[in-house]
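Some notes on the structure that comes next.
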Amino acid sequence: MARIGVLTGGGDCPGLNAVIRAIVRKGVTVHGHSFVGFRYGWAGVLENDTVTLDLDSTRGILHRGGTILGTSRTNVFKAENGVQRVVDSMRANDLDALIPIGGEDTLGVARRLSEEGINVVGVPKTIDNDLAGTDFTFGFQTAVQIATDAIDRLHTTAESHNRVIVVEVMGRHAGWIAVYSGIAGGADAILVPERPFDIEQVCEHVRRRHQAKRTFSIVVVAEGATPVDGDAWTAHQTKDAFGHVRLGGIALELEREIESRTGFECRMTILGHVQRGGSPLAYDRVLGTRFGVAAVDAVSEGDYGKMVALRGTQVLRVALDEALAEPKLLDPELYETAEVFFG
Ligand code: F6P
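For the sequence shown, our numbering gives the first residue as 53, with consecutive numbering after it.
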């Protein structure tokens with residue numbers, strides 16, 4: 053029987069509550085563990101800001117978006133005496149292990165804490181789907197569906213007005229959301245960080261469609277897409293605690309450029325945090341549940357320094373080191389499939 057701390061860090065994501073519920077349900081009823089929830093990610097661990105996490109407090113949350121624990125982008129290694137404060141907080145709560153649920157940054161902290169001798173098992177979370185150790189992260193499918201629904205809606209208005217509509221989706225430096233939603237939504241061009249784009253070529257796709265009597269076009273752009281001859285376009289200057297610049301706003305530039313170069317009326321939509329909000333799809337509830345169960349099983353076996361992961365149809369454990377070595381960028385074959393439908 054162990055006492056385990058659970059936290060959710062980084063951007064929130066549909067399915068987080070499914071993971072928390074699964075950890076607690078299996079942990080209490082099968083293994084006899086008890087839990088402490090830390091509020092707002094690593095910030096809660098540093099400040100020893102806790103909430104009760106038991107069968108009662110995790111009932112009725114499976115379908116709810118966001119995270120009942122709250123989240124933040126906090127870097128333990130930027131905080132004064134960060135590691136010692138984590139150790140103190142664990143001692144104060146009599147904890148044997150931590151289960152951090154997060155993306156590259158939150159789990160990057162977990163990996164370094166593991167090197168310091170702290171018992172951790174990570175659960176991979178991000179709508180961006182850019183974590184290397186796992187085929188999919190939960191939250192991704194929900195974000196893709198939200199973006200696809202938006203593209204469907206934008207299609208009908210683009211068609212009515214003979215317009216080019218640029219749809220900006222999230223994904224940071226990976227084009228997974230853009231390509232999945234772009235293929236599903238029938239986009240006429242998809243711009244991703246992994247393939248720097250030539251604006252003239254994008255305009256050429258649009259012109260070709262108009263010559264073929266298609267009077268509207270949909271261009272899906274990932275927030276981190278970069279032109280061949282420059283840096284990523286972002287409307288922001290700020291960086292987070294992990295040194296990542298805030299992305300977003302490239303669609304504004306594209307709207308201006310495409311309209312002025314082609315002469316076709318152009319509008320843009322930035323989907324933003326809509327992609328992270330609301331209820332998780334069934335897929336993400338199931339994956340989150342499987343991850344939660346697998347993580348608490350790993351703690352029960354004392355198999356630390358690991359992250360649970362989906363490989364094919366199996367949920368297994370991979371070393372945090374391996375999982376975080378490189379971000380998982382877009383599969384080139386998938387992009388080539390999308391390209392068949394451009395222009
Ligand atoms: O990592 C998830 C994500 O939604 C990215 O796609 C996006 O760039 C970022 O988080 C936005 O972060 P914030 O919610 O801090 O603005």
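Even for Gly, the Cβ is constructed at its ideal location relative to N, Cα and C.
This structure is a prediction, so every number in the text was calculated from the model and none was measured.
Residue pairing by DSSP places I322 opposite E220 in a beta bridge. Closest in C-alpha terms to V273, from the list H262, A287, A293 and M320, comes M320. Look at E275: its beta carbon is less than 7 angstroms from one of the heavy atoms in the ligand F6P. Short note on I198: C-beta not closer than 7 angstroms to any heavy atom of the ligand F6P. The stretch 159–168 and the stretch 192–209 do not touch, with fewer than three beta-carbon pairs separated by less than 8 angstroms. In chain order, P248, F249 and I251 place their CB closer than 7 angstroms to the CB of P279, counting only its own chain and leaving out the 5 sequence neighbours on each side. For S269, the CB contacts under 6 angstroms within the same chain, skipping 5 residues up- and downstream, are V216, D240, V258 and R261 in chain order. Excluding its 5 nearest sequence neighbours in each direction, V80 has C-beta neighbours in its own chain below 8 angstroms: S86, F87, D106 and L107, listed in chain order. In the structure shown, Q289 adopts coil according to DSSP, grouped into three states. Per DSSP, I179 lies in no beta strand (DSSP E) and is assigned neither H nor E. When R143, L386 and V97 are compared, the shortest CA-CA separation from G234 is found for L386. Under the DSSP assignment, K380 falls outside any alpha helix (DSSP H); it carries neither an H nor an E label. Contact between G191 and C65 holds: CB atoms are separated by about 3 angstroms, below the 8 angstroms threshold. Every alpha helix (DSSP H) stretch that sits fully inside the stretch 147–209 and reaches 4 residues is listed by chain position as 156–167.
No heavy atom of the ligand F6P is found nearer than 7 angstroms to the CB of I322. By the Cβ neighbour-count rule, N133 is exposed, with fewer than 16 other Cβ atoms within 10 Å of its own.
Relative to the ligand F6P, L381 has its C-beta separated by 7 angstroms or more from all heavy atoms. For L368, the secondary structure class from DSSP, reduced to helix, strand or coil, is strand. Remark: C-beta atoms of D140 and R55 do not approach each other more closely than 8 angstroms. Distances from the CB of T178 to the heavy atoms of the ligand F6P include at least one below 7 angstroms. In summary, K291 is exposed, with fewer than 16 beta-carbon neighbours lying within 10 Å of its beta-carbon over all protein chains present. The Cβ atoms of L98 and V128 lie closer than 8 angstroms to each other.
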